[in-house]
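Report on one structure; see the data block that follows.
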Amino acid sequence: APILGYLNLSLTNFSLYSILVFILVIGIHLIFKGPDFIVNNFHNKLVPSSWNIALESSYASINSIVREQIGIRNEIYLPFIYSLFFFIIISNLIGNTPYSFTITTSLILSVGLGFTIFIGVTIIALFKHGLHFFSFFIPGGTPLGLVPLLVLIEVISYLARSLSLGVRLFANMMSGHTLLKILSTFLYQLFTSSILVAIFTLIPFAIFTALVGLEIAVSIIQAYVFILLTSS
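The numbering of the sequence shown is our numbering, which starts it at 890 and goes up by one.
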């Protein structure tokens, strides 16, 4: 009998690209912001490279978000939010490469991230505020007769955050990539039909190129929005 029984350890697209994203996130930071024992020329330059500037700017921006949304004393969450940002942005950008796979278009991953963050935030709030945490569901100055209705609305709104956080990321990435897939297939058929049609296809191809640039911008914006909502 097999040692692992009927356990399936096959490498799927999701697991393969998850490993790739992890390697890229770690590799980028080790190469361009790694410790001194890593041999490279970037640490010996007085003028930092564009990659160094990009990483430092990203860190400063995320640190600013954490300070504004969470507070200065809660910078212990900065490493998690910083890592989450790069995990999402690398996952999104990889999907813009032809014949690749975007793990954030998986509903399980996107909603799973949102639900995990929701559970973590709720546990931290309970430990920090205790039973006073439940008073957040009752707005100040609410008449006693409206308390049951408003509590129900606030609880539903609070629980919906765990779903909306992940669904927003999933829906934006899935819709954009699906549109690019449809347009690229259509343009390929036009380019391979005849020379005359291929010439007239250059105009829609320019529009398609602009849409690819827009999708890259959406990939970056969605990563920013995700950590912004996570911090709020």
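Think of the CB as a built atom: it goes at the ideal place given N, C-alpha and C, for glycine as much as any other residue.
Grab the span of the alpha helix (DSSP H) containing residue i for me, first residue to last.
i, result
"L982", "L967 to I983"
"I992", "Counting along the chain, I992 falls outside any alpha helix (DSSP H), and DSSP gives it neither H nor E."
"L1038", "V1036 to F1080"
"S1121", "Element bounds for S1121: n/a, residue is neither H nor E."
"F1089", "I1084 to F1089"
"S953", "S939 to Q958"
How long is the line joining the alpha carbons of residue i and residue j, rounded to whole angstroms?
i, j, result
"F1026", "S1051", "16 Å"
"N963", "G1009", "14 Å"
"F1080", "P987", "17 Å"
"P1093", "N985", "19 Å"
"L967", "V1056", "24 Å"
"I965", "I915", "20 Å"
"A1087", "Q1078", "9 Å"
"I917", "L1015", "36 Å"
"P1037", "F1022", "17 Å"
"S1073", "N952", "39 Å"
"L998", "I1096", "31 Å"
"G1001", "F1089", "45 Å"
"S980", "L905", "12 Å"
"L1033", "H1018", "23 Å"
"R956", "A1099", "35 Å"
"V1101", "Q1111", "15 Å"
"Y1047", "S907", "30 Å"
"F1004", "L1054", "8 Å"
"L909", "E1043", "40 Å"
"S938", "L898", "41 Å"
"G1029", "L1035", "12 Å"
"L1020", "I1071", "52 Å"
"L1103", "W940", "22 Å"
Tell me, to the nearest whole angstrom, how far the beta carbon of residue i is from that of residue j; I am working on the premise that it is less than 8 Å.
i, j, result
"L1041", "T1031", "Between T1031 and L1041 the Cβ distance is about 12 Å, and since that is not below 8 Å, they are no contact."
"I1006", "T901", "That belief does not hold up - the Cβ atoms of I1006 and T901 are roughly 24 Å apart, past 8 Å."
"T993", "F1075", "Wrong, their Cβ atoms sit about 25 Å apart, outside the cutoff."
"F903", "S995", "6 Å"
"T991", "I978", "About 12 Å separates the two Cβ atoms, so there is no contact after all."
"S1121", "Q958", "5 Å"
"L944", "F921", "6 Å"
Any beta-carbon of chain C closer than 8 Å to the one on residue i?
i, result
"F990", "Annotation note: the requested chain C is absent from the structure, which comprises a single protein chain."
Any contact between the segment 960-980 and the segment 1105-1121? By contact I mean 3 or more CB pairs, one from each, below 8 Å. As far as the Cβ criterion goes, the segment 960-980 touches the segment 1105-1121, which means the pair count is three or higher.
Count Cβ pairs between the segment 1058-1067 and the segment 1098-1110 that sit closer than 8 Å; are there 3 or more? Counting C-beta pairs with one atom in each stretch, the segment 1058-1067 and the segment 1098-1110 have three or more that are closer than 8 Å, which means they touch.
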